[in-house]
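J.: In UniProt numbering, the protein residues as written are 1 to 354.
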């Protein structure tokens with residue numbers, strides 16, 4: 001059996017140990033300097049017997065360590081899914097190892113329940129002071145005109161709230177349509193030296209338009225329950241063939257409040273669109289920022305309709321990719337919003353005021 005050391009392994013030193021991380025598998029483990037030497041020498045496809053002969057390792061020593069290194073994905077077997085994934089990574093990822101380390105290591109994180117998060121905040125507040133959440137100017141600062149006087153846009157923006165309680169099991173197709181168009185709709189076209197570029201209502205770095213929107217519709221009037229792709233080019237919905245229609249909580253880190261919501265919008269980045277133009281890893285930041293632009297427009301459209309759009313970054317990345325059929329390494333779920341008619345009470349259980 002041919003093996004080699006992983007090409008997506010990062011090592012960093014600590015006190016009397018070295019910690020290793022394979023960012024594609026999110027495997028983290030500790031190893032000795034001798035094992036590091038073994039991995040460094042095993043950089044081409046070879047059998048354990050060949051490595052033993054070439055570098056003086058005994059068969060018994062290799063028999064003891066190789067299974068562990070395979071379990072930790074420090075060693076990769078020729079022809080394995082991980083070997084194929086590494087080949088895909090080397091051919092598609094243009095933004096370097098540091099950015100890859102961050103991007104892949106935050107996929108499919110384990111998330112706390114609301115109760116766990118609150119308990120942790122209470123415990124922490126008992127011995128660590130919170131940082132100031134706002135900074136005020138000193139006396140004598142220049143007072144600006146009242147922003148909300150006779151200003152419909154800012155008044156609408158001021159009404160936006162995240163409310164995680166649903167007062168009705170459905171929303172209308174018009175409400176969904178407006179939210180999708182506000183965030184993703186194409187309103188024009190420009191061009192540059194290589195061709196036509198789409199223009200929308202949110203800024204996009206280099207007009208690369210890296211996002212696609214998908215809808216998990218459970219209670220949208222006039223729409224069969226299912227999973228849909230929103231085409232910004234044509235402002236229409238295409239049904240996606242899915243093995244099953246999941247609970248929304250299965251896609252957003254187990255957040256059970258989401259299961260009462262009639263609709264979920266998923267924003268998934270096609271990173272290669274931006275990578276094609278920008279080799280600088282700072283472009284990764286630009287893609288993430290764009291999700292916020294899109295989400296804010298969707299939230300404002302929802303507010304205008306009396307809906308609450310609840311944004312979340314607690315995503316079950318692998319489950320989303322399986323559901324949507326996104327099998328490329330550079331396809332990345334980034335952001336999600338539920339849509340619902342909120343309960344009117346500001347003290348409803350499960351509500352988040354932010």
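Cβ coordinates follow ideal geometry from the N, Cα and C atoms, glycine included.
Take the Cβ of residue 65 as the centre, count every other Cβ of all protein chains shown within 10 Å, and call the residue buried at 16 or more, exposed below.
T.: Result: buried.
J.: Would you report the Cα separation of residue 187 and residue 213, rounded to the nearest angstrom?
T.: So the alpha carbons of these two residues sit roughly 16 Å apart.
J.: Which same chain residues, not among the five before or five after residue 220, have their C-beta less than 8 Å away from its C-beta?
T.: Within the same chain, residue 220 has close Cβ partners 170, 171, 172, 173, 176, 262, 263.
J.: Would you say residue 332 lies against chain C (beta-carbon separation less than 8 Å)?
T.: No chain C appears in this structure, which consists of one protein chain only.
J.: Let me know the alpha helix (DSSP H) ranges lying completely inside the segment 151-194, each 4 residues or longer, listed in chain order.
T.: You should have 152-159, 173-184.
J.: Alpha helix (DSSP H) containing residue 38: first to last residue?
T.: Residues 33-41.
J.: Can you tell me the Cα-Cα spacing of residue 269 and residue 329, whole angstroms?
T.: Whole-angstrom Cα-Cα distance: 11 Å.
J.: Of the residues 7, 226, 192, which one's Cα is nearest the Cα of residue 86?
T.: Ranking 7, 226, 192 by Cα distance to residue 86 puts 7 first.
J.: Per DSSP, what kind of secondary structure is residue 348 in: helix, strand or coil?
T.: Because residue 348 carries a pLDDT of 44, less than 50, the predicted location of this residue cannot be relied on, and no value is offered for it.
J.: Buried or exposed: which applies to residue 360, given that a residue is buried once 16 or more other Cβ atoms fall within 10 Å of its Cβ?
T.: Since the first residue shown for the chain is 1 and the last is 354, residue 360 is missing from the structure and cannot be characterised.
J.: Measuring CB atoms only, is the segment 55-65 touching the segment 9-16, in the sense that at least three cross pairs come out at less than 8 Å?
T.: The segment 55-65, when compared against the segment 9-16, does not touch it at the 8 Å Cβ threshold.
J.: How is the beta strand (DSSP E) around residue 412 delimited, first residue to last?
T.: There is simply no residue 412 to check, as the chain begins at 1 and stops at 354 in what is shown.
J.: Would you report the Cα separation of residue 183 and residue 293, rounded to the nearest angstrom?
T.: Residue 183 and residue 293: Cα-Cα distance of roughly 8 Å.
J.: If you check the beta carbons only, do residue 302 and residue 179 fall under 8 Å apart?
T.: Cβ atoms of residue 302 and residue 179: closer than 8 Å.
J.: In chain order, what residues of the same chain have a beta carbon less than 7 Å from the beta carbon of residue 320, not counting five sequence neighbours either side?
T.: Excluding residues within five positions, the ones whose Cβ falls inside 7 Å are 251, 266, 333.
J.: Compute the distance between the beta-carbons of residue 339 and residue 307, then report whether it is under 8 Å.
T.: Yes; because the gap between Cβ atoms is below 8 Å, this pair is in contact.
J.: Kindly confirm or deny that the segment 29-43 and the segment 104-121 touch, where touching means at least three C-beta pairs closer than 8 Å.
T.: They do not touch, by the three-pair rule.
J.: Which residue marks the beginning of the alpha helix (DSSP H) containing residue 327, and which one marks its end?
T.: Per DSSP, residue 327 belongs to no alpha helix (DSSP H) and is neither H nor E.
J.: So residue 45 packs on residue 78, CB below 8 Å; how close in whole Å?
T.: Confirmed, about 5 Å.
J.: Who are residue 309's beta bridge partners in DSSP?
T.: Paired residue(s): 339.
J.: Helix, strand or coil for residue 3? Go by DSSP, reduced to three states.
T.: If DSSP states are grouped into helix, strand and coil, residue 3 belongs with the strands.
J.: Count the other C-beta atoms from every protein chain shown that fall within 10 angstroms of the C-beta of residue 164, then say buried if there are 16 or more, exposed otherwise.
T.: Buried, because 16 or more other Cβ atoms sit within 10 Å of the Cβ of residue 164.
J.: Since residue 227 contacts residue 240 with CB under 8 Å, what's their CB separation in whole angstroms?
T.: Correct: roughly 4 Å between the Cβ atoms.
J.: Please state whether DSSP places residue 15 in a helix, a strand or coil.
T.: Residue 15 falls in the coil class under three-state DSSP.
J.: Looking at the unbroken alpha helix (DSSP H) that takes in residue 87, where does it start and where does it end?
T.: Here the alpha helix (DSSP H) through residue 87 covers 81-92.
J.: Could you tell me which of 255, 256, 242, 96 sits nearest to residue 278, measuring between CA atoms?
T.: Closest option to residue 278, Cα to Cα, is 96.
J.: Can you give me the C-alpha to C-alpha distance between residue 323 and residue 331, rounded to a whole angstrom?
T.: The alpha-carbon atoms of residue 323 and residue 331 are separated by roughly 13 Å.
J.: Can you name the residues that DSSP bridges to residue 231?
T.: Per DSSP, 236.
J.: Can residue 73 and residue 22 be called in contact, C-beta distance under 8 Å?
T.: The answer is yes: Cβ separation under 8 Å.
J.: When DSSP labels each residue in this structure, what does residue 9 get in the three-state scheme?
T.: Residue state, collapsed to three classes: strand.
J.: Whole angstroms are fine: how far does the CA of residue 313 sit from the CA of residue 93?
T.: Rounded to the nearest angstrom, the two C-alpha atoms are 23 Å apart.
J.: CB residue 162 to CB residue 311, shorter than 8 Å?
T.: Cβ distance < 8 Å, so residue 162 and residue 311 count as in contact.
J.: If you draw a straight line from the C-alpha of residue 30 to the C-alpha of residue 17, how long is it?
T.: Approximately 7 Å, taken between the alpha carbons.
J.: My guess is that residue 3 and residue 75 are in contact by the Cβ rule of under 8 Å, so how many angstroms apart are they, rounded?
T.: That pair is a contact at about 5 Å.
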